[in-house]
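Here's the structure we're looking at; comments come further down.
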Amino acid sequence: MSGCLEVDRSRQVSTYRINKVIFSGSDRTFVVGELLPTLENGPEKYKLCLHERDFPLGSFITHNIIEAMQNSRFTIVVLTDSFVQSQWCKWELDMANHKLFEESREFLILVELQRLNRVELPRHLKYLMDTRTYLEWPSPGDDKGACDVVWERLKEALGESLYEVSQKVVSQDQEPQDGLQQDNCIELEEHPRV
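Going by the working numbering, the sequence shown opens with residue 14, and the numbers climb by one from there.
Structure (structure tokens):
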């Protein structure tokens with residue numbers, strides 16, 4: 014289960030605004046109750062994109078998904094039996110697969126929240142799980158130490174917070190004490206919306 018994920022070096026980290034999360038509605042309790050508060054409200058302040066919170070109302074869902082993936086440094090895929098059964102989740106995973114081939118960069122973070130029967134997996138998901146490092150989430154009965162390790166590995170895979178990157182870029186844009194302006198600085202919003 015070890016390995017690292019790399020951000021596309023041809024695109025500056027500061028151009029990514031979010032980390033998209035793909036999950037089944039049945040796994041909403043985990044995503045909204047654990048994943049979101051731990052990553053967004055923790056010291057790192059990662060910015061996640063959840064369809065129910067961040068997609069503009071009235072827009073086509075497919076357009077929102079594609080736009081969110083284009084603006085995402087990483088896409089976190091929460092894998093459970095419910096995910097495997099969901100047509101929307103399969104479609105989103107297909108879109109992520111296309112992005113993998115188009116961009117030639119590692120951006121998928123697979124989180125196996127529930128042990129999956131490999132025999133019953135769709136072929137492309139089985140291939141992803143056979144060829145990529147993924148996180149196996151601890152079972153509810155596992156000790157707290159196992160959970161802490163998984164959270165740290167997930168944060169390590171996500172890398173530096175996009176919030177931290179934006180703060181560094183904005184602070185570089187402040188006027189120096191000698192009164193000279195700095196050029197070529199990019200200003201980012203603290204928590205941009207998709």
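Just so it is clear, CB atoms sit at the ideal spot from N, CA and C, and this is done for glycine as well.
Using the DSSP secondary-structure output, state which residues sit across from residue 87 in a beta bridge. Locating residue 87 in the sequence shown gives position 74, counting from the first residue. When beta bridges are read from the DSSP output, residue 87 appears opposite 32.
Could you please give me the residues that DSSP links to residue 78 through a beta bridge? Taking the sequence shown and counting its residues from 1, the one referred to as residue 78 is at position 65. Under DSSP, residue 78 takes part in no beta bridge, so it has no partner.
For residue 63 and residue 44, believed in contact at Cβ under 8 Å, the rounded distance: In the sequence shown, counting from the first residue as 1, residue 44 sits at position 31. In the sequence shown, counting from the first residue as 1, residue 63 sits at position 50. Confirmed, about 7 Å.
Under three-state DSSP, which class holds residue 175? In the sequence shown, counting from the first residue as 1, residue 175 sits at position 162. In the three-state DSSP reduction, residue 175 falls in the helix class (H, G or I).
With 16 as the cutoff for other CB atoms within 10 Å, does residue 124 come out buried or exposed? By one-based count along the sequence shown, residue 124 stands at place 111. Answer is buried; the Cβ neighbour count reaches 16.
Tell me the residue span of the beta strand (DSSP E) that contains residue 124. As a working note, residue 124 is residue 111 in the sequence shown. Its beta strand (DSSP E) spans residues 121–125.
With DSSP collapsed to three states, give me the class of residue 148. Counted from its first residue, the sequence shown places residue 148 at position 135. Looking at residue 148 - three-state DSSP - the assignment turns out to be strand.
Apart from the five residues on each side of it in sequence, which residues of its chain come closer than 7 Å, Cβ to Cβ, to residue 163? Here residue 163 corresponds to residue number 150 of the sequence shown, with the count starting at 1. Around residue 163, the same chain offers 148, 150, 151 as residues with beta carbons nearer than 7 Å, after the five sequence neighbours per side are excluded.
Applying the criterion that 16 or more other CB atoms from any shown protein chain within 10 Å of the CB defines a buried residue, is residue 6 buried or exposed? There is no way to answer for residue 6, as the model of the chain reaches only from 14 to 207.
According to DSSP, simplified to helix, strand and coil, what is residue 129? Reading the sequence shown from its first residue, position 116 is the one you call residue 129. When DSSP states are grouped into helix, strand and coil, residue 129 belongs to the coil group.
When DSSP labels each residue in this structure, what does residue 184 get in the three-state scheme? For the purposes of this step, residue 184 is taken as the residue at position 171 of the sequence shown. Confidence is the limiting factor: at residue 184 the pLDDT is only 48, short of 50, which leaves the residue's position unreliable, though a coordinate-based value still follows. Residue 184 falls in the helix class under three-state DSSP.
Could you tell me the distance, in whole angstroms, from the CA atom of residue 85 to the CA atom of residue 32? As a first step, residue 85 is located in the sequence shown; it is residue number 72 there, counting from the start. As a first step, residue 32 is located in the sequence shown; it is residue number 19 there, counting from the start. Taking C-alpha positions only, residue 85 is separated from residue 32 by approximately 5 Å.
Along the chain, where does the alpha helix (DSSP H) containing residue 97 start, and where does it finish? Indexing the sequence shown from 1 puts residue 97 at position 84. Segment 94–98, the alpha helix (DSSP H) holding residue 97.
Under DSSP, the alpha helix (DSSP H) around residue 50 begins and ends at which residues? If you number the sequence shown from 1, residue 50 lands on position 37. 49–53 is the extent of the alpha helix (DSSP H) around residue 50.
Buried or exposed: residue 174, going by 16 or more other Cβ atoms within 10 Å of its Cβ? As a working note, residue 174 is residue 161 in the sequence shown. Around the beta carbon of residue 174, a 10 Å sphere encloses 16 or more other beta carbons of the protein chains shown; the residue is thus reported as buried.
Using alpha carbons as the reference points, say which of 165, 105, 46, 133 lies closest to residue 77. Against the sequence shown, residue 77 aligns to sequence position 64. Per the Cα distances, 105.
Report yes if the C-beta of residue 62 is less than 7 Å from at least one heavy atom of the ligand MG; otherwise report no. The model on display carries no ligand, and the ligand MG is accordingly not part of it.
Neighbour-count burial assignment, residue 117, 16 or more Cβ in a 10 Å radius: Numbered from 1 along the sequence shown, position 104 holds the residue referred to as residue 117. Looking at its Cβ environment, which holds fewer than 16 other Cβ atoms inside 10 Å, residue 117 is exposed.
Using CA coordinates, which residue listed in 70, 82, 56 is at the minimum distance from residue 30? Your numbering for residue 30 matches position 17 in the sequence shown. Nearest Cα to residue 30 within the set 70, 82, 56: 82.
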